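Q:
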Amino acid sequence: MAIDFAFLLIRSRFGPRLGVMVTNLDTAPRSDAEMARIVASRDSSPKAMIEAQETLGHLYQRHGSKLLAFLSTRVRRSDLDDIHQEIWSRVWSRLPEGFDGKDFRGWLFKIARNLLVDRSRKKHPAPLEDHVENLVDPLGNRPDARLIDEERRAALKRCLEQLDARSRELVQRRLGGEDYPAICQRLGLTSAMAHRIFHEAKNRLKNCLERALT
Amino acid sequence: MKTHLLEMPDNPAEATRWLEGHLVGLDLSELVAELLAVHPAPQETATSVQELLGDRLDDVLDRGLADAAPEVVSELLRQPLLLFELQELVLTKGGDYWNRVRTHSKDIETRLETGRQRLTALVTTQSQGKPEGNQASPKALLIIWYRRPWFVSLATAATMLLAFSVYEAFRASTTETAGSVSSTWGWNKPTSRPLDGPAPAYLNRLAEAAEEWFSKRPEKPLALATRIAEFRQGCSKLILSTHEPLSDEDRRWLIVRCRLCAAKLDKHLAALEAGRGPLQVRDEADQTIRDLIKAIRARAEEVTSCTIG
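Here the protein sequences come in this chain order: A and B. For the first sequence, my numbering gives the first residue as 1, with consecutive numbering after it. For the second sequence, my numbering gives the first residue as 1001, with consecutive numbering after it.
1. Whole alpha helix (DSSP H) runs in the segment 1189-1238 of chain B with 4 or more residues, listed along the chain?
2. Between the Cα of Leu-95(A) and those of Ile-83(A), Gln-53(A), Pro-46(A), Leu-68(A), spot the shortest distance and give me the residue it belongs to.
3. Take Ala-1225(B) as the anchor and find which of Gln-1280(B), Arg-1259(B), Arg-1252(B) has the nearest alpha-carbon.
4. What first and last residue would you give for the alpha helix (DSSP H) that runs through Gln-162(A)?
5. Rounded to whole angstroms, what's the CA-CA distance from Phe-1084(B) to Ala-155(A)? Just pull it up for me.
6. Just the chain B side, please: which residues come within less than 7 Å of Thr-73(A) by C-beta, in chain order?
7. Quick check on the burial criterion: 16 or more other C-beta atoms within 10 angstroms. Buried or exposed for Arg-1080(B)?
8. Quick one: what does DSSP say Val-1038(B) is sitting in, helix, strand or coil?
9. Count the other CB atoms, across all protein chains shown, that sit within 10 Å of the CB of Ala-201(A); report buried if there are 16 or more and exposed otherwise.
10. At the level of alpha carbons, what is the spacing between Phe-104(A) and Ser-1183(B)?
11. Since Glu-77(A) meets chain B, which of its residues come closer than 7 Å, beta carbon to beta carbon?
12. Within its chain, find whatever has a CB closer than 8 Å to the CB of Ile-1239(B); leave out the 5 residues flanking it on each side and keep chain order.
13. Measuring alpha carbon to alpha carbon, tell me which residue in Leu-1006(B), Arg-1205(B), Lys-1093(B) is nearest Lys-66(A).
14. Please state whether the Cβ-Cβ distance between Val-1038(B) and Gln-61(A) is less than 8 Å.
15. Taking Cβ to Cβ, would you say Thr-1016(B) is nearer than 8 Å to Leu-1065(B)?
16. What is the residue span of the alpha helix (DSSP H) that Asp-32(A) lies within?
17. Taking the alpha-carbon positions, what's the Val-1072(B) to Leu-116(A) distance?
18. Give me the Cα-Cα distance between Ile-1293(B) and Ala-1013(B), rounded to the nearest whole angstrom.
19. Does the segment 1207-1220 of chain B come close enough to the segment 1241-1253 of chain B to have 3 or more Cβ pairs within less than 8 Å?
20. For His-84(A), which residues in chain B fall below 8 Å Cβ to Cβ?
21. Under a three-way DSSP split, which group does Gly-101(A) fall into?
22. Does the Cβ of Asn-203(A) have 16 or more other Cβ atoms within 10 Å, making it buried, or fewer, making it exposed?
23. Mapping DSSP to helix, strand and coil, what is Trp-1185(B)?
24. Using a Cβ cut-off of 9 Å, pull out every chain A residue sitting near Pro-1009(B), in sequence order please.
25. Pick helix, strand or coil for Asn-1011(B), following the three-state DSSP scheme.
26. Whose C-beta lies closer than 6 Å to the C-beta of Leu-213(A) among residues of the same chain, with five residues either side of it excluded?
27. Check each candidate in Gln-1050(B), Glu-1244(B), Gln-1126(B) and name the one with the smallest Cα separation from Pro-46(A).
28. When we look at the beta-carbon of Ala-1295(B) and count the other beta-carbons within 10 Å, is it buried (16 or more) or exposed?
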């Protein structure tokens, strides 16, 4: 008993420094709902707390990258990590009372949307409506990132316009997912010629963009 | 700056996987911006992913885009705004298949690892400092006051403050001074932002002011962090200034350039704080600032030739 307690204490004290929140103690993967229940039902005993922390680590491992990807189209890159962190912090504190025990992933993304709405309201004190869709536009919530994307778009457009008409059409078709046989047929080119034109055009675009964006 | 679109593989199956990688990665908005530049607005468009994929949507969510017809992938590339909608569906409702898709974002693993460590520290602190639930353990109540987390934290903070004060006093007497983030060099110098004069001269003076970065070469982390933060502060000034001598287009260009530079400087600071070597970070910051100066001077030349022409 004393050894158990000492073990738990050491893990709780030094685990984080050693980065051991996620330990693969379990062999069979547990469901989200099962893990959420463990985190939610924690009490203040060291054993329950450590189990809850480790289980949160598993949930993080399972959903963290998806959540980051979701946020990346909605917030500035410089805010990404802090917002991601804030969401997981809310998960930890709200799981005991805020989760209905069913769809953890749905609940996680709901927390994310609500946090984005909260931030949006802070930036715009008089919100137009309560609907998330209206407040969290995929690009509109990150105006300076949008500006940079616009710059990238304008530069690429300018560079594309500098290509001759045939190369431009080939690039547009190719980057629109059309395959070479269809392109060759449409533009009256041999396959070798189409490949050569495309790769030359790509290099010219790369150089042009490098000049424009650096 | 990487152009994602030009990395699209020639092989259709690989191109599909490449697009899937972007759907679960961190650079989708950049890819969409590029696609919007390449493809003029199509005449007939689907208004939603549901409309585009129809009955195949569930299959795509379960088994990926390879299950959709090639025309669908092509359509997504030509109507890139639909990719945002598809991304949300994939991330919130996608099946196990999407967990195995490899992303192109190299920094995602680092971000996840850093986030995991921060989260661990946070929940540990919360657990130790603020027991949840109504039943506080009797043992916890008996912990003597000087062992309680709040006292330990306060004591640590006081010790650090004392140590920092001693350090500051010592540092002030040495040759290398980091200083606070309120400087009067570079763009923070009041005279470095003239309110009138022709646009090329204005841009060249900005470039000249930025070159002051190279006048000091801090080698210690704290001094370098301060220097970067000071330059970063100058970026903010430029971003928020009106730039009277510039046309709307040039002003917009300058602000975007400054934002890009500011974002890179933030990264350099983060790297420094994460323990990367100061000389390496300084080299990277040098490059960022050199690129910016070069771009501003090139713009000044362009503006000159336009004016003369």
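Beta carbons: idealized from backbone N, C-alpha and C, even for Gly. Values in this document were obtained by computation on a predicted structure and should not be read as measured data.
A: Checking against the coordinates, here is how it stands:
1. 1199-1210
2. Counting from one through the first sequence, the residue named residue 95(A) turns up at place 95. Of the listed residues, the one whose Cα sits closest to Leu-95(A) is Gln-53(A).
3. Position 225 of the second sequence, counting from 1, holds the residue named residue 1225(B). When only C-alpha atoms are compared, the closest one is Gln-1280(B).
4. Along the first sequence, read from residue 1 onward, the residue named residue 162(A) stands at position 162. Here Gln-162(A) belongs to no alpha helix (DSSP H), and DSSP marks it neither H nor E.
5. Here residue 1084(B) refers to the residue found at position 84 of the second sequence. Here residue 155(A) refers to the residue found at position 155 of the first sequence. Cα to Cα, the separation comes out at about 22 Å.
6. Your numbering for residue 73(A) matches position 73 in the first sequence. Under the 7 Å cutoff, chain B gives Leu-1028, Ser-1029, Phe-1084, Gln-1087.
7. Counting from one through the second sequence, the residue named residue 1080(B) turns up at place 80. The displayed chain sequence assigns Pro, not Arg, to residue 1080(B). Label assigned to Pro-1080(B): buried.
8. One-based indexing of the second sequence puts residue 1038(B) at position 38. Three-state result, Val-1038(B): helix.
9. Counted from its first residue, the first sequence places residue 201(A) at position 201. Buried, by the Cβ-count rule.
10. Taking the first residue of the first sequence as 1, we reach residue 104(A) at position 104. Taking the first residue of the second sequence as 1, we reach residue 1183(B) at position 183. Cα to Cα, Phe-104(A) sits roughly 49 Å from Ser-1183(B).
11. Within the first sequence, the letter at position 77 stands for residue 77(A). Before going further, note that residue 77(A) is Arg rather than Glu in the sequence given. Going along chain B in sequence order, the residues near Arg-77(A) (Cβ under 7 Å) are Ala-1263.
12. By one-based count along the second sequence, residue 1239(B) stands at place 239. For Ile-1239(B), where only same-chain residues beyond five positions count, the Cβ hits under 8 Å are Ile-1255, Cys-1258, Arg-1259, Ala-1262.
13. As a working mapping, residue 66(A) is identified with position 66 in the first sequence. Of Leu-1006(B), Arg-1205(B), Lys-1093(B), the residue nearest in Cα terms is Lys-1093(B).
14. Here residue 1038(B) is taken as the residue at index 38 of the second sequence, counted from 1. Here residue 61(A) is taken as the residue at index 61 of the first sequence, counted from 1. Going by C-beta atoms, Val-1038(B) is not nearer than 8 Å to Gln-61(A).
15. Residue 1016(B) sits at position 16 when you count from the first residue of the second sequence. Residue 1065(B) sits at position 65 when you count from the first residue of the second sequence. Contact flag set, yes.
16. To locate residue 32(A), count along the first sequence from 1; it is residue 32. 32-40 is the extent of the alpha helix (DSSP H) around Asp-32(A).
17. Within the second sequence, numbered from 1, the residue matching residue 1072(B) stands at position 72. Within the first sequence, numbered from 1, the residue matching residue 116(A) stands at position 116. The alpha-carbon atoms of Val-1072(B) and Leu-116(A) are separated by roughly 31 Å.
18. As a first step, residue 1293(B) is located in the second sequence; it is residue number 293 there, counting from the start. As a first step, residue 1013(B) is located in the second sequence; it is residue number 13 there, counting from the start. In a straight line, the C-alpha of Ile-1293(B) is about 42 Å away from that of Ala-1013(B).
19. no
20. As a working mapping, residue 84(A) is identified with position 84 in the first sequence. The contacting residues are Arg-1111, Gly-1115.
21. As a position in the first sequence, residue 101(A) is number 101, starting the count at 1. In this structure, Gly-101(A) counts as coil in the three-state DSSP scheme.
22. Taking the first sequence and counting its residues from 1, one reaches residue 203(A) at position 203. So Asn-203(A) ends up on the exposed side.
23. Here residue 1185(B) refers to the residue found at position 185 of the second sequence. Three-state DSSP puts Trp-1185(B) in coil, outside helix and strand.
24. Along the second sequence, read from residue 1 onward, the residue named residue 1009(B) stands at position 9. What Pro-1009(B) touches in chain A: nothing, since even the nearest Cβ is about 11 Å away.
25. In the second sequence, residue 1011(B) corresponds to position 11, counting from 1. Here Asn-1011(B) sits in coil by DSSP.
26. For the purposes of this step, residue 213(A) is taken as residue 213 along the first sequence, with counting starting at 1. For Leu-213(A), where only same-chain residues beyond five positions count, the Cβ hits under 6 Å are Ala-155.
27. If you number the first sequence from 1, residue 46(A) lands on position 46. For Pro-46(A), the nearest C-alpha among the options comes from Gln-1126(B).
28. The residue labelled residue 1295(B) in the question sits at position 295 within the second sequence. So Ala-1295(B) counts as buried.
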